[in-house]
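The structure appears right after this line, and notes come after that.
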Amino acid sequence: MATIALQRPFLLKTSSFGIKTPYRNDRASGIWTMSANWNPSQTREQMEISKELRTVSATESVPVVAPAELQFDKPQPQDQMLFQENRLQFGQFVVRRAVLDEEYWTAAWLRAESHWEDRRNDRFADNYKRKFAEQEYNALKRRSNTQLGDKCTCMVAVKKENRDVKHTVLKSVVGTLDLSIQYLSQGETFPGERVKNPLFCSIDRKSCRRYGYISNLCVAKSARRQGIASKMILFAISSAKRDGAEQVFVHVHRFNTPAQELYHKMGFQMVEAASFDKSNEQIYLLQLGS
1 MATIALQRPF LLKTSSFGIK TPYRNDRASG IWTMSANWNP SQTREQMEIS KELRTVSATE
61 SVPVVAPAEL QFDKPQPQDQ MLFQENRLQF GQFVVRRAVL DEEYWTAAWL RAESHWEDRR
121 NDRFADNYKR KFAEQEYNAL KRRSNTQLGD KCTCMVAVKK ENRDVKHTVL KSVVGTLDLS
181 IQYLSQGETF PGERVKNPLF CSIDRKSCRR YGYISNLCVA KSARRQGIAS KMILFAISSA
241 KRDGAEQVFV HVHRFNTPAQ ELYHKMGFQM VEAASFDKSN EQIYLLQLGS
């Protein structure tokens, strides 16, 4: 998906987040996506769906159904119940790690909406969004629960707790991104660099350098222009460093000028050596400056 990363229907009506609720929810408009949202872990099936979508055109929407165990009418969890020291508060929002399955699903649906934001009139768009959201939800749970290998964290921006206004989980999440902590292979200076492997090399990861990788940054259109995207990036950077990452990277589509401007403003610079890779000529790799 290539957009700037910034981010919508219930017989109970079926919500834009794929759940059935007795409450009426207005359709949230499109999503402003702030990163290229190019994800190296994107499945082949997701890529095929995206390709198929280019051939379809207009008509009605399809109901979207979330996993039956999810309860989106539950109240937003109170801060003191989360036991999270690692969080960032600003204005009317808080950035933190996702903790509820409902938050994972909302993040997944937000990404699906963002992926197909400019194709809302396509006949099969809602089918593709549903399939994408289901896959992304399951992938998020799987990546976040892994105990071995690379660490991946789904982060969400939520509305700050308010005594006078009680938010449900559904209406609370306004932004999301993924932060993964990975290891550079021996000889690599950036992820994906083509290096000649030594004849004998150690597989001990302790000798390899850690790096943070940001992806899937999305902010609801209704909540944009409030600094949420930049605060989420700052939070991801500080979290990566806290986890021992020496560098932080992100991919951005070459024609996604707003995203490039945002990341440059945050201190990211293009990795020139990576830009010569013809296999990814539509994608720029950016690295946080030292």
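Counting in UniProt numbering, the sequence shown tops out at residue 290, every number present.
No residue lacks a Cβ here, since even glycine has one placed at the ideal position from N, Cα and C.
*Count the other CB atoms within 10 Å of the CB of VAL174; is the residue buried (16 or more) or exposed (fewer)?*
Taking the sequence shown and counting its residues from 1, one reaches residue 174 at position 174. VAL174 comes out buried.
*Classify GLN182 as buried or exposed, calling it buried when 16 or more other Cβ atoms lie within 10 Å of its own Cβ.*
On the sequence shown, position 182 is the one that residue 182 refers to. Buried, because 16 or more other Cβ atoms sit within 10 Å of the Cβ of GLN182.
_Distance between ALA259 and ARG111 (C-alpha atoms, nearest Å)_ = In the sequence shown, residue 111 corresponds to position 111, counting from 1. In the sequence shown, residue 259 corresponds to position 259, counting from 1. C-alpha separation (whole angstroms): 16 Å.
*Hey, PHE236 and MET155 are a contact pair by Cβ (cut 8 Å); roughly how many whole angstroms apart?*
The count along the sequence shown starts at 1 and reaches residue 236 at position 236. The count along the sequence shown starts at 1 and reaches residue 155 at position 155. The amino acid occupying residue 236 in the given sequence is Ala; Phe does not appear at that position. Yes, they are in contact, since the Cβ atoms of ALA236 and MET155 sit about 6 Å apart, within 8 Å.
*Take LEU70 and list the residues in its own chain whose beta-carbon comes closer than 7 Å to its own, dropping the five residues that flank it on each side.*
One-based indexing of the sequence shown puts residue 70 at position 70. Taken in chain order, the residues that qualify are ILE19, ASP101, GLU102 and TRP105.
*So what's ASP164 in DSSP terms, helix, strand or just coil?*
The count along the sequence shown starts at 1 and reaches residue 164 at position 164. Reduced to three states, the DSSP call for ASP164 is coil.
*From this set, THR257, GLY267, ALA220 and GLY289, which residue's C-alpha is nearest ILE283's C-alpha?*
Walking along the sequence shown from the start, residue 283 turns up at place 283. Checking every option, the nearest Cα to that of ILE283 belongs to THR257.
*Expressed to the nearest angstrom, what Euclidean distance is found between the alpha-carbon atoms of LEU262 and ARG142?*
Looking up residue 262 in the sequence shown gives position 262. Looking up residue 142 in the sequence shown gives position 142. About 30 Å.
*DSSP on PHE235, reduced to helix/strand/coil?*
Your numbering for residue 235 matches position 235 in the sequence shown. It is helical.
_Straight-line gap, CYS208 to ASP73 (C-alpha atoms, nearest Å)_ = The count along the sequence shown starts at 1 and reaches residue 208 at position 208. The count along the sequence shown starts at 1 and reaches residue 73 at position 73. Each residue's Cα considered, the two are about 45 Å apart.
*asked:* I need the straight-line Cα distance from ALA133 to ARG96, nearest angstrom please.
replied: Taking the first residue of the sequence shown as position 1, residue 133 is located at position 133. Taking the first residue of the sequence shown as position 1, residue 96 is located at position 96. The alpha-carbon atoms of ALA133 and ARG96 are separated by roughly 21 Å.
*Is it buried or exposed for GLN46, if we count other Cβ within 10 angstroms and need 16 for buried?*
Indexing the sequence shown from 1 puts residue 46 at position 46. Any reading at GLN46 must be qualified, since the residue scores a pLDDT of 47, below 50, and its modelled position is unreliable; the value itself is stated next. Buried is the call here.
*In the DSSP assignment, find the unbroken beta strand (DSSP E) run with GLN122 in it and report its ends.*
Locating residue 122 in the sequence shown gives position 122, counting from the first residue. Going by the sequence as given, residue 122 is Asp instead of Gln. Element bounds for ASP122: n/a, residue is neither H nor E.
*alpha helix (DSSP H) segment containing ASP101, residue limits*: Residue 101 sits at position 101 when you count from the first residue of the sequence shown. First-last of the alpha helix (DSSP H) with ASP101: 101-115.
*Give me the Cα-Cα distance between GLY212 and CYS218, rounded to the nearest whole angstrom.*
Taking the first residue of the sequence shown as 1, we reach residue 212 at position 212. Taking the first residue of the sequence shown as 1, we reach residue 218 at position 218. Rounded to whole angstroms, GLY212 to CYS218 spans 18 Å at the Cα level.
_Just to confirm before moving on: does the CB-CB distance between ASN216 and LEU177 stay below 8 Å?_
Here residue 216 is taken as the residue at index 216 of the sequence shown, counted from 1. Here residue 177 is taken as the residue at index 177 of the sequence shown, counted from 1. Going by C-beta atoms, ASN216 is nearer than 8 Å to LEU177.
*asked:* Taking its Cβ as the centre, do 16 or more other Cβ atoms sit within 10 Å of GLU272, making it buried, or is it exposed?
replied: Locating residue 272 in the sequence shown gives position 272, where the first residue counts as 1. By the 10 Å Cβ count, GLU272 comes out exposed.
*Alpha carbon to alpha carbon, what distance is there between LEU88 and GLY227?*
Here residue 227 is taken as the residue at index 227 of the sequence shown, counted from 1. Here residue 88 is taken as the residue at index 88 of the sequence shown, counted from 1. Straight-line Cα distance between these residues: approximately 12 Å.
*Cβ-Cβ separation, VAL94 to LYS160 (assumed contact under 8 Å), whole Å*: On the sequence shown, residue 160 is found 160 positions in, with the first residue counted as 1. On the sequence shown, residue 94 is found 94 positions in, with the first residue counted as 1. LYS160 to VAL94, Cβ: 5 Å. Contact.
*Among PRO75, MET270 and ALA108, which has the Cα closest to the Cα of PRO67?*
Taking the sequence shown and counting its residues from 1, the one referred to as residue 67 is at position 67. It is ALA108 whose Cα lies nearest to the Cα of PRO67.
_My output table needs one value for LEU177: the three-state DSSP class, helix, strand or coil._
Counting from one through the sequence shown, the residue named residue 177 turns up at place 177. LEU177: strand per DSSP, three-state reduction.
*Using the DSSP secondary-structure output, state which residues sit across from LYS159 in a beta bridge.*
Indexing the sequence shown from 1 puts residue 159 at position 159. Partner(s): PHE93.
*Can the beta-carbon of LEU285 be found less than 8 Å from the beta-carbon of HIS264?*
Within the sequence shown, residue 285 is the residue found at index 285, counting from 1. Within the sequence shown, residue 264 is the residue found at index 264, counting from 1. In this structure, HIS264 does not lie closer than 8 Å to LEU285 by Cβ.
_Just to confirm, is the Cβ distance from GLN269 to VAL158 under 8 Å?_
On the sequence shown, position 269 is the one that residue 269 refers to. On the sequence shown, position 158 is the one that residue 158 refers to. Against a cut-off of 8 Å, the Cβ pair of VAL158 and GLN269 comes out as no contact.
*For ALA245, which of helix, strand or coil comes out of DSSP?*
Taking the sequence shown and counting its residues from 1, one reaches residue 245 at position 245. It is coil, neither helix nor strand.
*Determine the direct distance from the alpha carbon of SER222 to that of SER238, and round the result to whole angstroms.*
Taking the sequence shown and counting its residues from 1, one reaches residue 238 at position 238. Taking the sequence shown and counting its residues from 1, one reaches residue 222 at position 222. So the two alpha carbons sit approximately 26 Å from each other.
*asked:* Which residue wins for smallest C-alpha separation from GLY244, given the options ALA220, ILE233, ARG210 and ILE214?
replied: Here the question's residue 244 lines up with position 244 in the sequence shown. For GLY244, the nearest C-alpha among the options comes from ARG210.
*asked:* Here's the rule: buried if 16 or more other CB atoms are within 10 angstroms of the residue's CB, otherwise exposed. What is ARG54?
replied: In the sequence shown, the residue the question calls residue 54 occupies position 54. Bear in mind that the predicted position of ARG54 carries a pLDDT of just 37, short of 50, making it unreliable; the figure below should be weighed with that in mind. With fewer than 16 other Cβ atoms within 10 Å, it is exposed.
*For GLU281, I'd like the list of residues in its chain whose CB is within less than 6 Å of its CB, leaving aside the five on either flank, ordered along the chain.*
Working through the sequence shown from its first residue, we reach residue 281 at position 281. There are no such residues.
*How many whole angstroms separate the CB atoms of PHE249 and PHE190, which I take to be in contact at a CB cut-off of 8 Å?*
In the sequence shown, residue 249 corresponds to position 249, counting from 1. In the sequence shown, residue 190 corresponds to position 190, counting from 1. Right, their Cβ atoms sit about 7 Å apart.
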